[in-house]
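Residue numbers (my numbering), protein chains in the order written: chain V, 1 to 264; chain U, 1001 to 1308. Beta carbons are placed, not taken as given, at the ideal position from N, Cα and C, and that holds for glycine. Remember, predicted model here, so these are calculated numbers, not experimental data. Heads up, the thing below is written out as structure tokens.
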């Protein structure tokens, strides 16, 4: 498709150079953090003169950081368990397109992508203060589920769009019940979209900062909230080690999503 | 005889159709109910966690401290200099960051759209990976790079370019760099997607008719890429207006943006009315910008949010 334009790569050299710099700008910060997390020094030197794993040791040995990590992992896993089935069910219903207020429903479900997250944070805190859900795991899971829902819905919806719903009708006309038809015919064909949606839900919850700042605390302090507070006070190289773990997590989840995406 | 049978048939058909229609309608109604049942848990959660609290905050913003109905929470935006300063800062940052994203993102998206598929998907990893890395991690990285004893300052001092560290973080420039880095993928991804749909034959036709590369780009490619650029610009601008993490961590307390102001008024001063009013105005501005954009470009803009 391209390359047939009579412009040589040589003429475009400046474009490649500029784009290369922009790509470097995008990736360099993560690379620098990963390298610096293996430094031996408390000072921020780059490249580090001595290598060590001491910041990872500090991270894993610190009770506070470990607790915060456990809270985040728990909340993210529970968010996946709640948001994935709810989002899949909603996407299935929206995909039928027969409901009268389909557009409105779609808008409502994806509202959290558009509404400023600070407003959601304050609103949720305000609501939770009335019903006693602040600083609870349940409250965090509910809030994160709402944040993750649009991603699950959109991902599953895009899977359903390339699936022919008539197959499910055929199964039902052959005597399968509704649930059996979905489970045995539709589900296997959209399962990669569902898995991608679940991964997005996990990372959305795990990386969520603003809402957690308002509604988590005490024993349910999430990793991101603790990091935010630590960054406000001082820049500890331990955070480089934690950041590296988060970057690795993103890479792994993204790679899995990519593999599943290619198969669907 | 034939007339009679025709009449009979018609009646029977009519009755049959009638019965069928009723059954079909009942079935459709049942089907709708089932679909609603599938949707109800999600809709309930969204309404309970987003719609109801925001409505509640809006209600609160209409009353002053004494509990009397008043517009004082909104009037103070025009009266108090500190609020005006916050708005000015927010829009200033939003304009600079959006401009920087366009300057950096357009050439990148253009190059990606011209590359062969394989090379483009490799380069796209560099865009998508930061996109999925925590905002906190990326803000921390920029703090490490830009602060007083950070990488850039220590390099420049080692090289003898400067003797005193430059103040790069904890001010406007730090916020702008950090936010540009975080928001750049929000511009590049929709722009790239729309550039991919531009038909290369149009460009080739232009060149065939004697236009040089520059004229072809300016007169054919650029106008065709404008809808994609516009959607990226709107997303970035709107996200800038409500951005919290980076200005809070990199602004050094000097750069107070809209979202920070909301956090301070509610958490620090517990002034819910004022904080809620700020939130309402932010939401209205956001929705107005998105609405204006959709109106200008038709329904084309609806897909852009699915990129994340």
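Point to revise | Residues near residue 1203 (chain U) by beta carbon distance below 7 Å, same chain, minus five either side | key: Position 203 of the second chain holds residue 1203 (chain U). Hits under 7 Å: 1216, 1220, 1221.
Check your understanding: Mapping DSSP to helix, strand and coil, what is residue 1191 (chain U)?
Key -> The residue given as residue 1191 (chain U) occupies position 191 in the second chain. Residue 1191 (chain U): helix per DSSP, three-state reduction.
Review point. Is residue 3 (chain V) helix, strand or coil by DSSP?
Key: The residue you call residue 3 (chain V) lines up with position 3 of the first chain. Residue placement at residue 3 (chain V) cannot be trusted, given a pLDDT of 45 that sits under 50; the coordinates are not used to answer.
Review point. Within 9 Å (strictly less), CB to CB, does residue 189 (chain V) reach chain U?
Key: Taking the first residue of the first chain as position 1, residue 189 (chain V) is located at position 189. With 9 Å as the cut-off, residue 189 (chain V) does not count as an interface residue toward chain U.
Review point. What do you reckon, are the CB atoms on residue 1261 (chain U) and residue 1086 (chain U) nearer than 9 Å?
Key: For the purposes of this step, residue 1261 (chain U) is taken as the residue at position 261 of the second chain. For the purposes of this step, residue 1086 (chain U) is taken as the residue at position 86 of the second chain. Yes.
Exercise for review: Report all residues from its chain with a CB closer than 8 Å to the CB of residue 1207 (chain U); omit the five preceding and five following residues, and keep chain order.
Suggested key: The count along the second chain starts at 1 and reaches residue 1207 (chain U) at position 207. Only 1213, 1216 meet the Cβ criterion.
Check your understanding: Between the C-alpha atoms of residue 76 (chain V) and residue 1197 (chain U), what's the straight-line distance to the nearest angstrom?
Key -> As a first step, residue 76 (chain V) must be located in the first chain, where it is residue number 76. As a first step, residue 1197 (chain U) must be located in the second chain, where it is residue number 197. Residue 76 (chain V) and residue 1197 (chain U): Cα-Cα distance of roughly 37 Å.
Review point. What span of residues does the alpha helix (DSSP H) with residue 1114 (chain U) cover, start to end?
Key: For the purposes of this step, residue 1114 (chain U) is taken as residue 114 along the second chain, with counting starting at 1. Here the alpha helix (DSSP H) through residue 1114 (chain U) covers 1081 to 1114.
Review point. Does the beta carbon of residue 1150 (chain U) sit closer than 9 Å to a beta carbon anywhere in chain V?
Key: Translated into the one-based positions of the second chain, residue 1150 (chain U) becomes position 150. Cβ-Cβ to chain V under 9 Å: yes for residue 1150 (chain U).
Exercise for review: For residue 48 (chain V), go through chain U and note every residue whose CB falls closer than 9 Å to its CB, in chain order.
Suggested key: Position 48 of the first chain, counted from the start, is the residue given in the question as residue 48 (chain V). Residues of chain U passing the Cβ test: none, with the nearest at roughly 11 Å.
Exercise for review: Show which residues of chain V have a CB atom less than 7 Å away from the CB atom of residue 1237 (chain U).
Suggested key: As a working mapping, residue 1237 (chain U) is identified with position 237 in the second chain. Those do not exist, as residue 1237 (chain U) stays about 12 Å from chain V at its closest Cβ, beyond 7 Å.
Point to revise | Pairwise C-alpha distance: residue 49 (chain V) and residue 159 (chain V) | key: Start at 1 with the first residue of the first chain, and residue 159 (chain V) comes out as number 159. Start at 1 with the first residue of the first chain, and residue 49 (chain V) comes out as number 49. Rounded to whole angstroms, residue 159 (chain V) to residue 49 (chain V) spans 49 Å at the Cα level.
Exercise for review: Take residue 102 (chain V) and list the residues in its own chain whose beta-carbon comes closer than 7 Å to its own, dropping the five residues that flank it on each side.
Suggested key: Within the first chain, numbered from 1, the residue matching residue 102 (chain V) stands at position 102. The residues are 94.
**Study point:** Within 7 Å of chain U by C-beta, residues of the segment 106 to 132 of chain V in sequence order
**Key:** 108, 109, 110, 111, 112, 113, 114, 115, 116, 117, 118, 119, 120, 122, 123, 124, 126, 127
**Study point:** Between the CA atoms of residue 1264 (chain U) and residue 235 (chain V) - distance to the nearest angstrom
**Key:** Indexing the first chain from 1 puts residue 235 (chain V) at position 235. Indexing the second chain from 1 puts residue 1264 (chain U) at position 264. Whole-angstrom Cα-Cα distance: 22 Å.
Review point. Does the segment 1223 to 1231 of chain U come close enough to the segment 81 to 89 of chain V that 3 or more CB-CB pairs lie under 8 Å?
Key: no
Exercise for review: Decide yes or no for the touch test of the segment 1107 to 1120 of chain U against the segment 1182 to 1197 of chain U: beta carbon pairs closer than 8 Å, at least 3 of them.
Suggested key: yes
Review point. Is the beta carbon of residue 1235 (chain U) sitting closer than 9 Å to the one on residue 120 (chain V)?
Key: Here residue 1235 (chain U) corresponds to residue number 235 of the second chain, with the count starting at 1. Here residue 120 (chain V) corresponds to residue number 120 of the first chain, with the count starting at 1. Taking 9 Å as the Cβ cut-off, residue 1235 (chain U) and residue 120 (chain V) do not qualify as a contacting pair.
Check your understanding: Would residue 1139 (chain U) pass as a contact of residue 1182 (chain U) if the rule is Cβ separation under 9 Å?
Key -> Here the question's residue 1139 (chain U) lines up with position 139 in the second chain. Here the question's residue 1182 (chain U) lines up with position 182 in the second chain. Yes, Cβ-Cβ distance for residue 1139 (chain U) and residue 1182 (chain U) is below 9 Å.
Point to revise | C-alpha gap between residue 1025 (chain U) and residue 1272 (chain U), whole angstroms | key: Position 25 of the second chain, counted from the start, is the residue given in the question as residue 1025 (chain U). Position 272 of the second chain, counted from the start, is the residue given in the question as residue 1272 (chain U). Each residue's alpha carbon lies about 49 Å from the other.
Exercise for review: Let me know the secondary structure DSSP gives residue 19 (chain V) once reduced to three states.
Suggested key: The count along the first chain starts at 1 and reaches residue 19 (chain V) at position 19. Here residue 19 (chain V) sits in helix by DSSP.
Check your understanding: Would you say residue 67 (chain V) faces chain U, with C-beta separation under 9 Å as the test?
Key -> Stepping through the first chain from its first residue, residue 67 (chain V) is reached at position 67. No, its Cβ sits nowhere closer than 9 Å to a Cβ of chain U.
Exercise for review: Could you work out which residues of chain V lie near residue 1032 (chain U), taking near to mean beta carbons separated by less than 7 Å?
Suggested key: By one-based count along the second chain, residue 1032 (chain U) stands at place 32. Those within 7 Å of residue 1032 (chain U) in chain V are 98, 99.
**Study point:** Complete runs of the alpha helix (DSSP H) confined to the segment 1229 to 1299 of chain U [at least 4 residues]
**Key:** 1245 to 1250, 1258 to 1263, 1272 to 1297
Practice item. Would you mind sorting residue 1033 (chain U) into buried or exposed? The rule is 16 or more other CB atoms within 10 Å of its CB. Key: Along the second chain, read from residue 1 onward, the residue named residue 1033 (chain U) stands at position 33. So residue 1033 (chain U) ends up on the exposed side.
Check your understanding: Which chain U residues sit within Cβ distance under 7 Å of residue 54 (chain V)?
Key -> One-based indexing of the first chain puts residue 54 (chain V) at position 54. Under the 7 Å cutoff, chain U gives no residues; its nearest Cβ is about 17 Å from residue 54 (chain V).
Point to revise | Any 3 or more C-beta pairs closer than 8 Å across the segment 133 to 144 of chain V and the segment 228 to 244 of chain V | key: no
Check your understanding: Thinking C-beta only, is residue 197 (chain V) closer than 9 Å to residue 146 (chain V)?
Key -> Here residue 146 (chain V) is taken as the residue at index 146 of the first chain, counted from 1. Here residue 197 (chain V) is taken as the residue at index 197 of the first chain, counted from 1. No.
Review point. Taking just the CA atoms, how far does residue 143 (chain V) sit from residue 81 (chain V)?
Key: On the first chain, position 81 is the one that residue 81 (chain V) refers to. On the first chain, position 143 is the one that residue 143 (chain V) refers to. Residue 81 (chain V) and residue 143 (chain V): Cα-Cα distance of roughly 14 Å.
Review point. Does the separation of the CB atoms of residue 148 (chain V) and residue 83 (chain V) fall below 9 Å?
Key: Here residue 148 (chain V) refers to the residue found at position 148 when the first chain is read from its first residue. Here residue 83 (chain V) refers to the residue found at position 83 when the first chain is read from its first residue. Their beta carbons are under 9 Å apart, which means residue 148 (chain V) touches residue 83 (chain V) by this criterion.
Point to revise | Nearest-angstrom Cα separation, counted from residue 27 (chain V) out to residue 1121 (chain U) | key: Taking the second chain and counting its residues from 1, the one referred to as residue 1121 (chain U) is at position 121. Taking the first chain and counting its residues from 1, the one referred to as residue 27 (chain V) is at position 27. The alpha-carbon atoms of residue 1121 (chain U) and residue 27 (chain V) are separated by roughly 15 Å.
**Study point:** Buried versus exposed, by CB contacts within 10 Å (16 or more), residue 1142 (chain U)
**Key:** Numbered from its first residue, the second chain carries residue 1142 (chain U) at position 142. The residue is buried, with at least 16 neighbouring Cβ atoms inside 10 Å.
Review point. Roughly how many angstroms separate the alpha carbons of residue 175 (chain V) and residue 204 (chain V), rounded to a whole number?
Key: Here residue 175 (chain V) refers to the residue found at position 175 when the first chain is read from its first residue. Here residue 204 (chain V) refers to the residue found at position 204 when the first chain is read from its first residue. C-alpha separation (whole angstroms): 40 Å.
Practice item. Report the rounded CA-to-CA distance for residue 239 (chain V) versus residue 1091 (chain U), giving the unit in angstroms. Key: Walking along the first chain from the start, residue 239 (chain V) turns up at place 239. Walking along the second chain from the start, residue 1091 (chain U) turns up at place 91. One C-alpha to the other measures close to 31 Å.
Review point. Would you say residue 1245 (chain U) and residue 211 (chain V) are within 9 Å of each other, going by their C-beta atoms?
Key: In the second chain, counting from the first residue as 1, residue 1245 (chain U) sits at position 245. In the first chain, counting from the first residue as 1, residue 211 (chain V) sits at position 211. It is not a contact, given that the beta carbons lie outside the stated cut-off.
Point to revise | Per DSSP, cross-strand counterpart(s) of residue 1209 (chain U) | key: Position 209 of the second chain, counted from the start, is the residue given in the question as residue 1209 (chain U). According to DSSP, residue 1209 (chain U) bridges with nothing at all.
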